[in-house]
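Those letters in the sequence shown? Residues 1 to 496, per full-length UniProt numbering, in order.
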Amino acid sequence: MADEFSKRHARIRSAKEAEWLRRGREGALRLFHKTARGVPAYKKFLKRNGVNPRSIRTISDFKLLPLVTKENYLRAYPLHELVPKGDLAERNMISASSGSSGVPFFWPRGTANTEEAAIIHELFLVDFFNIDKKRTLFVNTFAMGMWVAGTTTYESLERIAAKHPLTLVAPGIELEQVVSAVKSLGGFYDQVILAGYPPFIKDVIDAGTRQGVRWKDFSVRFLFAAESFSEDWRDEVHRMAGIPKNIFGSLNIYGTADALIVAHETPLSIAIRRAVTGHKSLHTRFFGGDLRVPTLAQYDPSMRYIEELPDSQIIFSAGSGIPLIRYDIGDRGNILGYEDIARMFAEEGVPLFKGKGEREKIQRGWHLPFVTIYGRDKMVASFYGLKIYPEHVRGALEKSAGNRFATGRFVMHTNMEKGRDQRFKVHVELHENVRADKKTARHIEELIFRNVQVMNSEYKRLVAAVGEKKARPLIVLHHYRSSALFDRAGKQRWKS
Numbered sequence: 001m002a003d004e005f006s007k008r009h010a011r012i013r014s015a016k017e018a019e020w021l022r023r024g025r026e027g028a029l030r031l032f033h034k035t036a037r038g039v040p041a042y043k044k045f046l047k048r049n050g051v052n053p054r055s056i057r058t059i060s061d062f063k064l065l066p067l068v069t070k071e072n073y074l075r076a077y078p079l080h081e082l083v084p085k086g087d088l089a090e091r092n093m094i095s096a097s098s099g100s101s102g103v104p105f106f107w108p109r110g111t112a113n114t115e116e117a118a119i120i121h122e123l124f125l126v127d128f129f130n131i132d133k134k135r136t137l138f139v140n141t142f143a144m145g146m147w148v149a150g151t152t153t154y155e156s157l158e159r160i161a162a163k164h165p166l167t168l169v170a171p172g173i174e175l176e177q178v179v180s181a182v183k184s185l186g187g188f189y190d191q192v193i194l195a196g197y198p199p200f201i202k203d204v205i206d207a208g209t210r211q212g213v214r215w216k217d218f219s220v221r222f223l224f225a226a227e228s229f230s231e232d233w234r235d236e237v238h239r240m241a242g243i244p245k246n247i248f249g250s251l252n253i254y255g256t257a258d259a260l261i262v263a264h265e266t267p268l269s270i271a272i273r274r275a276v277t278g279h280k281s282l283h284t285r286f287f288g289g290d291l292r293v294p295t296l297a298q299y300d301p302s303m304r305y306i307e308e309l310p311d312s313q314i315i316f317s318a319g320s321g322i323p324l325i326r327y328d329i330g331d332r333g334n335i336l337g338y339e340d341i342a343r344m345f346a347e348e349g350v351p352l353f354k355g356k357g358e359r360e361k362i363q364r365g366w367h368l369p370f371v372t373i374y375g376r377d378k379m380v381a382s383f384y385g386l387k388i389y390p391e392h393v394r395g396a397l398e399k400s401a402g403n404r405f406a407t408g409r410f411v412m413h414t415n416m417e418k419g420r421d422q423r424f425k426v427h428v429e430l431h432e433n434v435r436a437d438k439k440t441a442r443h444i445e446e447l448i449f450r451n452v453q454v455m456n457s458e459y460k461r462l463v464a465a466v467g468e469k470k471a472r473p474l475i476v477l478h479h480y481r482s483s484a485l486f487d488r489a490g491k492q493r494w495k496s
């Protein structure tokens, strides 16, 4: 009998988008009724909101259900009441959120949740990193301990390693241990996969290069999570690691402590993102007037049922350790159908594939819908009433002119000066051996000032209205690893 991975792998190679969407609708309804029957807190939540579970019969009924949030649901009920049967002892692991937008929260999960995460990992690692054919050293650099990314990755890869020629090491977020592991062990394998937060992985490559590591000798691949980045940044990190110029060198996961893996990049989504980034008309059709380029990922609706509300609010339903029904995590984005994307490319006269061979190599089936993720408004700096996003600043530091001086880590905020004028301030971490002098500060200031104007038309108008002096960012430079603002223990906080 085929195992669950084999069944899903066969289905993902053959099923069309309509089937995935049907499975998603049916699964969402089943999950709702199961949660309404078995989770004490959700029973109370529905009663408080005047919802009779028996009245929810169709997906249209489902879409009228009240949203759940951390405030109105997760923090409103005792933790044990949020899990099935109200029994925490039936969960075999509890992790914590990273606290990226507030106080850390505890997330129980069971064996079924871990098995599901392992299947998702195995699907993309087999199809796109060929771990079934290549001897692979998988280096888990996510923070371990209570944090969900490290422990989930470890549990998933431990299961996968039992089936494939793959060895797992888990140094966590310890820079020297990661470099040492690759130097000592990488030569025994056909490829090395470094999994971790994008800024930390870049730190690893920088540190190894300073120590004389020839990264290209290890056929490095990257598995990222927790942060978005531009295609310029991807290209630069690939170049630093000696990865060939193709779209098979890295994938980014959109995951949350709330529901583990929600969606992830595929070579197809990366190819689409690259094409859209370089085509003005397509960019407008995909992302509207926003010049930011969001993460573009594919998702399985039968595992994560995602909805887009009218204000580009992304909500999802998932059978997590804490089952979540129409959960508003605070992210913004859009849902794009596979067929819709194909039609937009055709109408613009832009070929998505250069031929049948490339289509088969890139696509591998995977007729799954897409989701764009812009992140959360809580990560935005408000300056003269307009919004400045991390991507606006990050883009300046990711290009070669900024990357020569800065690690890519920064923290932005606004504050009032003595004269009650508001200032936009950016703290920037420098590379090792780069001097924190006025010349460097002016250079980085100019890069950020120009890039924010290019990406944010409101900021450009503000510059014209109040003048460059008031609108320019104030740059505060920090020596490499000298400030608590750039703590390596978890995800980088881009706004304070």
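Ideal Cβ positions, reconstructed from N, Cα and C, are used throughout, including at glycine.
Worksheet item: Would a C-beta distance cut-off of 8 Å place Val139 and Leu194 closer than the cut-off?
Response: One-based indexing of the sequence shown puts residue 139 at position 139. One-based indexing of the sequence shown puts residue 194 at position 194. Contact: yes.
Fill in: Per DSSP, the bridge partner or partners of Ser95
Taking the sequence shown and counting its residues from 1, one reaches residue 95 at position 95. In the DSSP output, where bridge partners are listed per residue, Ser95 has Trp107.
Discussion item. Assuming contact is defined by CB atoms lying nearer than 8 Å, are Leu462 and Leu386 in contact in what I supplied?
Written reply: Along the sequence shown, read from residue 1 onward, the residue named residue 462 stands at position 462. Along the sequence shown, read from residue 1 onward, the residue named residue 386 stands at position 386. Note that the C-beta distance between Leu462 and Leu386 is below 8 Å.
Worksheet item: What does DSSP give as the partner residues of Met416 in its beta bridges?
Response: In the sequence shown, residue 416 corresponds to position 416, counting from 1. Paired residues: Gln422.
Worksheet item: Would the beta-carbon of Phe410 fall within 8 Å of that of Leu430?
Response: Within the sequence shown, residue 410 is the residue found at index 410, counting from 1. Within the sequence shown, residue 430 is the residue found at index 430, counting from 1. No. Outside cutoff.
Worksheet item: What number of angstroms, rounded off, separates the C-alpha of Leu309 from the C-alpha of Asn456?
Response: Within the sequence shown, the letter at position 309 stands for residue 309. Within the sequence shown, the letter at position 456 stands for residue 456. Taking the straight line from one Cα to the other gives about 24 Å.
Item to complete: Throw me the rounded Cβ distance for the Pro108 and Leu88 pair, which I believe falls under 8 Å.
Response: By one-based count along the sequence shown, residue 108 stands at place 108. By one-based count along the sequence shown, residue 88 stands at place 88. About 6 Å separates the two Cβ atoms, so the contact holds.
Discussion item. Which of the three DSSP states is assigned to Arg13 in this structure?
Written reply: Along the sequence shown, read from residue 1 onward, the residue named residue 13 stands at position 13. Of the three classes helix, strand and coil, the one that applies to Arg13 here is helix, per DSSP.
Worksheet item: So which of Gln422, Phe128 and Gln313 has the shortest CA-CA distance to residue 497?
Response: Any question about residue 497 goes unanswered here, given that the chain covers just 1 to 496.
Practice prompt. Determine the burial state of Tyr152: buried for a count of at least 16 other Cβ atoms within 10 Å of its Cβ, exposed for fewer.
Written response: Locating residue 152 in the sequence shown gives position 152, where the first residue counts as 1. The identity of residue 152 in the sequence shown is Thr, whereas the question assumes Tyr. By the neighbour-count rule (16 or more Cβ atoms within 10 Å), Thr152 is buried.
Practice prompt. For my contact list, Ile120 and Ile247 are in at a C-beta cut-off of 8 Å; report their separation, rounded to the angstrom.
Written response: By one-based count along the sequence shown, residue 120 stands at place 120. By one-based count along the sequence shown, residue 247 stands at place 247. Rounded, the Cβ-Cβ distance is 20 Å, inconsistent with contact.
Practice prompt. State the Cα-Cα distance for the pair Asn376 and Asp328, rounded to the nearest angstrom.
Written response: Residue numbering aside, residue 376 sits at position 376 when the sequence shown is read from its first letter. Residue numbering aside, residue 328 sits at position 328 when the sequence shown is read from its first letter. Correcting the residue type first, residue 376 is Arg in the shown sequence and not Asn. Looking at the two C-alpha atoms, the distance is approximately 11 Å.
Discussion item. I'd like to know if the stretch 315-332 and the stretch 250-266 are in contact, where contact means that at least 3 CB-CB pairs between them fall below 8 Å.
Written reply: The answer is yes - the stretch 250-266 touches the stretch 315-332, with three or more Cβ pairs under 8 Å.
Fill in: Candidates Gly242, Glu231, Trp233 and Ile444: closest to Arg214 by CA position
Sequence index remark: in the sequence shown, residue 214 carries index 214 (1-based). Checking every option, the nearest Cα to that of Arg214 belongs to Gly242.
Discussion item. Restricting to Cα atoms, I'd like to know which of Met146, Val452, Leu64 and Thr58 is closest to Met93.
Written reply: Translated into positions along the sequence shown, residue 93 becomes position 93. Checking every option, the nearest Cα to that of Met93 belongs to Met146.
Discussion item. Measuring straight from C-alpha to C-alpha, what distance separates Ser184 and Thr136?
Written reply: As a working mapping, residue 184 is identified with position 184 in the sequence shown. As a working mapping, residue 136 is identified with position 136 in the sequence shown. About 14 Å.
Practice prompt. Measuring alpha carbon to alpha carbon, tell me which of Val380, Ser156 and Arg30 ends up nearest Phe5.
Written response: As a position in the sequence shown, residue 5 is number 5, starting the count at 1. A check of alpha carbon separations from Phe5 across Val380, Ser156 and Arg30 identifies Ser156 as the nearest.
Discussion item. Here's the rule: buried if 16 or more other CB atoms are within 10 angstroms of the residue's CB, otherwise exposed. What is Pro165?
Written reply: What you label residue 165 is simply residue 165 of the sequence shown in a count that begins at 1. It counts as exposed.
Worksheet entry | Cutoff 6 Å; reference Arg11; Cβ partners in own chain excluding five residues on either side | Counting from 1 along the sequence shown, the entry for residue 11 is found at position 11. Excluding residues within five positions, none has a Cβ falling inside 6 Å.
Fill in: Residue of Leu79, Pro84, Gly255 and Lys7 minimising C-alpha distance to Ala297
One-based indexing of the sequence shown puts residue 297 at position 297. Taking only the C-alpha atoms, the option nearest Ala297 is Gly255.
Practice prompt. Using only alpha-carbon positions, find the residue among Pro53, Ile59, Glu81 and Arg23 that is nearest to Pro323.
Written response: Within the sequence shown, numbered from 1, the residue matching residue 323 stands at position 323. Among Pro53, Ile59, Glu81 and Arg23, the Cα nearest to that of Pro323 belongs to Glu81.
Worksheet entry | Run of the beta strand (DSSP E) containing Gly333, from where it starts to where it stops | On the sequence shown, residue 333 is found 333 positions in, with the first residue counted as 1. Boundaries of the beta strand (DSSP E) around Gly333: Leu324 to Leu336.
Practice prompt. Report yes or no: do the stretch 193-209 and the stretch 218-226 share at least 3 C-beta pairs separated by less than 8 Å?
Written response: The stretch 193-209 is in contact with the stretch 218-226.
Item to complete: Could you check which residue in Ala118, Lys425, Arg22 and Met412 has the C-alpha nearest to that of Asp3?
Response: As a working mapping, residue 3 is identified with position 3 in the sequence shown. It is Ala118 whose Cα lies nearest to the Cα of Asp3.
Worksheet item: Can you give the beta carbon distance from Val172 to Ala143, rounded, assuming they're within the 8 Å contact cut?
Response: Position 172 of the sequence shown, counted from the start, is the residue given in the question as residue 172. Position 143 of the sequence shown, counted from the start, is the residue given in the question as residue 143. The amino acid at residue 172 is misidentified as Val; the sequence shows Gly. Gly172 to Ala143, Cβ: 6 Å. Contact.
Discussion item. Considering Cα atoms alone, identify which of Ile160, Tyr189 and Thr141 is closest to Val169.
Written reply: Taking the sequence shown and counting its residues from 1, the one referred to as residue 169 is at position 169. The option with the nearest alpha carbon to Val169 is Thr141.
Worksheet entry | Span separating the alpha-carbon of Gln453 from that of Lys7 | For the purposes of this step, residue 453 is taken as the residue at position 453 of the sequence shown. For the purposes of this step, residue 7 is taken as the residue at position 7 of the sequence shown. Using only the alpha carbons, I get a separation of about 49 Å.
Worksheet item: Under a Cβ-count criterion, where at least 16 other Cβ atoms within 10 Å of its own Cβ denotes burial, should Asn113 be classed as buried or exposed?
Response: Residue numbering aside, residue 113 sits at position 113 when the sequence shown is read from its first letter. With 16 or more Cβ atoms within 10 Å of its Cβ, Asn113 is classed as buried.
Worksheet entry | Spatial distance of Val204 from Val182 (CA atoms) | Counting from 1 along the sequence shown, the entry for residue 204 is found at position 204. Counting from 1 along the sequence shown, the entry for residue 182 is found at position 182. Cα to Cα, the separation comes out at about 10 Å.
Practice prompt. Report the rounded CA-to-CA distance for Arg493 versus Ser97, giving the unit in angstroms.
Written response: For this step, residue 493 is matched to residue 493 along the sequence shown. For this step, residue 97 is matched to residue 97 along the sequence shown. Cα to Cα, the separation comes out at about 14 Å.
Worksheet item: Can the beta-carbon of Arg292 be found closer than 8 Å to that of Met344?
Response: For the purposes of this step, residue 292 is taken as the residue at position 292 of the sequence shown. For the purposes of this step, residue 344 is taken as the residue at position 344 of the sequence shown. The answer is no: Cβ separation not under 8 Å.
Discussion item. Cutting at 8 Å between CB atoms, please list the residues of its own chain near Ala15, excluding the five before and the five after it.
Written reply: Translated into the one-based positions of the sequence shown, residue 15 becomes position 15. Non-local C-beta neighbours of Ala15 in its own chain, meaning closer than 8 Å and more than five positions away in sequence, comprise Gly365 and His367, ordered along the chain.
Practice prompt. Give the secondary structure of Met1 by DSSP, where H, G and I count as helix, E and B as strand, and everything else as coil.
Written response: Counting from one through the sequence shown, the residue named residue 1 turns up at place 1. Because the pLDDT at Met1 is just 37, under 50, the model does not fix this residue reliably, and the value given afterwards should be weighed accordingly. Reduced to three states, the DSSP call for Met1 is coil.
Worksheet item: Should Lys202 go down as buried or exposed, given a rule of 16 or more other Cβ atoms within 10 Å for buried?
Response: Here residue 202 corresponds to residue number 202 of the sequence shown, with the count starting at 1. Residue environment: Lys202 is assigned as buried (16 or more neighbouring CB atoms within 10 Å of its CB, all protein chains considered).
Fill in: Cβ separation of Gly408 and Pro369, assumed to be a contact under 8 Å, to the nearest whole Å
For the purposes of this step, residue 408 is taken as the residue at position 408 of the sequence shown. For the purposes of this step, residue 369 is taken as the residue at position 369 of the sequence shown. Taking 8 Å as the upper bound for CB-CB distance, Gly408 and Pro369 are not in contact here, some 31 Å apart.
Worksheet item: Would you say Ile56 and Leu65 are within 8 Å of each other, going by their C-beta atoms?
Response: One-based indexing of the sequence shown puts residue 56 at position 56. One-based indexing of the sequence shown puts residue 65 at position 65. In this structure, Leu65 lies closer than 8 Å to Ile56 by Cβ.
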